[in-house]
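Numbered by this note's numbering, the letters in the sequence shown go through residues 415 to 617 in order.
Glycine included, every Cβ here is placed at the ideal spot set by N, Cα and C.
Computed from a predicted model, the values in this text were never measured in an experiment.
Written out below as structure tokens is the structure these notes cover.
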Amino acid sequence: MTRPADRDLHRFTLAERWVHWLAGVLVLICVLTAAILYLGPLAVLVGNRQIVETVHVYCGFALPVPIVAGLLSRAYRADLSRLNRFTRSDWRWLREKGRRLSGDGVGKFNAGQKLNAALSAGSILVLLGTGVLMYFPDWTRLAWRTGATLMHDWFALAFGLLVAGHIGYALRDAEAMRGMLSGKVTKTWAEQEHERWAAEHDR
Numbered sequence: 415m416t417r418p419a420d421r422d423l424h425r426f427t428l429a430e431r432w433v434h435w436l437a438g439v440l441v442l443i444c445v446l447t448a449a450i451l452y453l454g455p456l457a458v459l460v461g462n463r464q465i466v467e468t469v470h471v472y473c474g475f476a477l478p479v480p481i482v483a484g485l486l487s488r489a490y491r492a493d494l495s496r497l498n499r500f501t502r503s504d505w506r507w508l509r510e511k512g513r514r515l516s517g518d519g520v521g522k523f524n525a526g527q528k529l530n531a532a533l534s535a536g537s538i539l540v541l542l543g544t545g546v547l548m549y550f551p552d553w554t555r556l557a558w559r560t561g562a563t564l565m566h567d568w569f570a571l572a573f574g575l576l577v578a579g580h581i582g583y584a585l586r587d588a589e590a591m592r593g594m595l596s597g598k599v600t601k602t603w604a605e606q607e608h609e610r611w612a613a614e615h616d617r
């Protein structure tokens with residue numbers, strides 16, 4: 415029998431999980447195809463450069479679709495609002511290791527998750543914008559296309575590292591992963607990692 419303290423709390427709706435996983439799959443495809451396009455040994459091993467490039471471009475153009483479609487969900491919009499609000503508690507969370515370990519004062523998302531969301535959104539916008547300039551060369555001058563290519567490459571590298579870090583943290587926290595798979599987490603985990611959100615949930 416489940417103890418009351420360990421009962422499940424609802425963390426993410428089905429719509430939120432679909433947005434996350436669809437966007438995540440598209441991002442991974444973009445990262446993998448980019449690696450094939452830019453790393454010689456991988457390019458030789460895989461071959462079919464034109465097909466790889468086509469997959470990369472269309473997955474990149476499709477990436478904003480699930481993110482924008484998620485706006486139809488009230489819960490998704492509410493979580494975007496939470497992610498977009500950086501509080502004093504978040505700054506303290508970043509400065510004090512004890513707060514990171516205790517979850518003290520942390521709402522539904524901690525400061526690290528908020529920073530990851532902001533950096534991911536910014537990177538996607540930059541990569542999409544520069545990708546458009548590269549894909550439609552007749553739209554702009556050569557100097558703009560050259561700058562767009564350079565910026566696209568460096569942002570792609572930084573974004574790839576950000577994605578790798580995100581996956582690494584997710585794999586280390588089985589309960590957080592469960593929350594994104596099933597939409598539910600235990601109350602005990604919520605109180606340890608997101609104390610303020612757990613209290614709000616009870617109210």
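In the DSSP assignment, V599 forms a beta bridge with L423.
K522 is not a Cβ neighbour of D504, given a cutoff of 8 Å.
In the DSSP assignment, G438 falls within the unbroken alpha helix (DSSP H) covering 428-452.
Rounded to whole angstroms, the Cβ separation of R610 and G519 is 6 Å, and the two are in contact under 8 Å. For R555, the three-state secondary structure derived from DSSP is coil. Contact between M548 and A562 holds, with the beta-carbon distance rounding to 6 Å and staying under 8 Å. In the structure shown, E609 falls within a helical segment according to DSSP collapsed to helix, strand and coil.
Cβ-Cβ distances below 8 Å link T447 to V466, E467, V469, H470, C473 in the same chain, with the five nearest sequence neighbours on each side left out; the list follows chain order.
DSSP places E614 in the helix class (H, G or I) of the three-state scheme. Here L423 is buried: its Cβ has 16 or more other Cβ atoms, across all protein chains shown, within 10 Å. Taking all protein chains in view, the Cβ of Y490 is crowded by 16 or more other Cβ atoms within 10 Å, so the residue is classified as buried. Note on geometry: alpha-carbon atoms of P480 and L436 lie some 7 Å from one another. For E510, there is no enclosing alpha helix (DSSP H), as DSSP marks it with neither H nor E.
Annotation: Y452 to L442 spans about 15 Å, alpha carbon to alpha carbon. The residue among L575, L556, H615 with its C-alpha nearest the C-alpha of L533 is L575. Within the stretch 480-506, the alpha helix (DSSP H) runs of at least 4 residues that lie entirely inside it are, in chain order, 488-497.
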